Each structure stands twice: as C-alpha cells, then as structure tokens.
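Residue numbers (the UniProt record's numbering): 1 to 175. Every residue gets a Cβ at the ideal spot worked out from N, C-alpha and C, and that includes glycine. Values in this document were obtained by computation on a predicted structure and should not be read as measured data. For reference, the structure discussed in these notes is given below.
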C-alpha cells in the first residue's frame, strides 16, 4: 500500500478496515483545550500577549486537527511497533516511541517527551508512596486497636480470675 493510499485509509477508516472496526476519535473537548492553550502560548510569544486571550476554533479546523493528530499517532505507533519488532519484542516501550520520533524527523520532541515522562513517573511514585504510607498507618492503627482490645480482655480476665481466687481463698478459710 502506498503512503498516500495508507493515509487515505487511516483518514477515513471503514468497518472492514484496520483499527479493529472502530473509528477511534480523539476527545474533542480535550483537543480543543490543547489547541486553545497552544494558541494562547503562541500569541504570548509572537505578539507579546499575556496568554489569556480566548481563541475560538472553527468546527472544521477542529476536525482537521483531529484527523492530523490521529494520522500522526498512527504513524508514530506504527514506526514504534516496527522498532519493537526489529528488536524481537512484542511490547512497545517509551524508548521505542522516542526512537520512532527520531525516525520520523521529530527529534526535537524527544527531550520534552522524556522530561514529561520522567515527571509523570515521579508523580506516580510519590502517589504510590503516599498510598503505601497511608495503608501502613491504617494497618498499624488496626493492629493497635485490636491489640488494645485484646489487652483489655486479658486484663479483665486476670481481674476476674483474681477475684475468683480471692473468693476461693476466703472460702477455704471458713472451712
């Protein structure tokens, strides 16, 4: 399949075509939010704006950006998959995606991608550590509560046992 034919097939997939029979749409609200943020950032850089300008995005422009993003994602995933197959692996890794970006002449995106990935991993590690700490505290509190109850029961048993022994001793004195 030629590059143009493949691009046309990806741009307008059919149910019998690739993609598992579904047309994977990108979330329009998310795409619109990303576009507005980037346009505001661009406006601040180019025109000296403060980045708070609200941009309106035409429905057709949003659709065009959505299709372009889907096509880019497809080519990036396909190239990363090829890199993975060349290495005789089945799972695509972050390194495969970075290599694919370089193969597609988007090498300038590799450093920001790695920085974002490291920030994501750090954030997840911190969240996992907080969850683990909270779980440990909960377990300690549960054990402390259970241990406290057991200790109270033991003390009550000792008191009752002591009283019974005293009663027995008092009974022995009368005999």
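{"Item": "Contact test: residue 119 Cβ vs the ligand ATP heavy atom, cutoff 7 Å", "Value": "What this structure holds is no ligand at all, so the ligand ATP is not there to describe."}
{"Item": "Collapsed DSSP secondary structure at residue 67 in the structure displayed", "Value": "helix"}
{"Item": "Whether residue 31 touches residue 76 by CB criterion (8 Å)", "Value": "no"}
{"Item": "CA-to-CA distance, residue 102 to residue 73, given in whole angstroms", "Value": "14 Å"}
{"Item": "Rounded straight-line distance, which links the Cα of residue 79 to that of residue 20", "Value": "The pLDDT assigned to residue 20 is 49, lower than 50, so where the model puts this residue is not dependable; a value taken from the coordinates is nonetheless given after this. Computed Cα separation, rounded: 19 Å."}
{"Item": "Reduced DSSP category for residue 58 - H, G, I as helix; E, B as strand; rest coil", "Value": "coil"}
{"Item": "Proximity below 8 Å, CB of residue 111 to CB of residue 83", "Value": "no"}
{"Item": "Length of the line joining the Cα atoms of residue 43 and residue 53", "Value": "8 Å"}
{"Item": "Per-residue burial, residue 96 [other beta carbons within 10 Å of its own, 16 or more giving buried]", "Value": "buried"}
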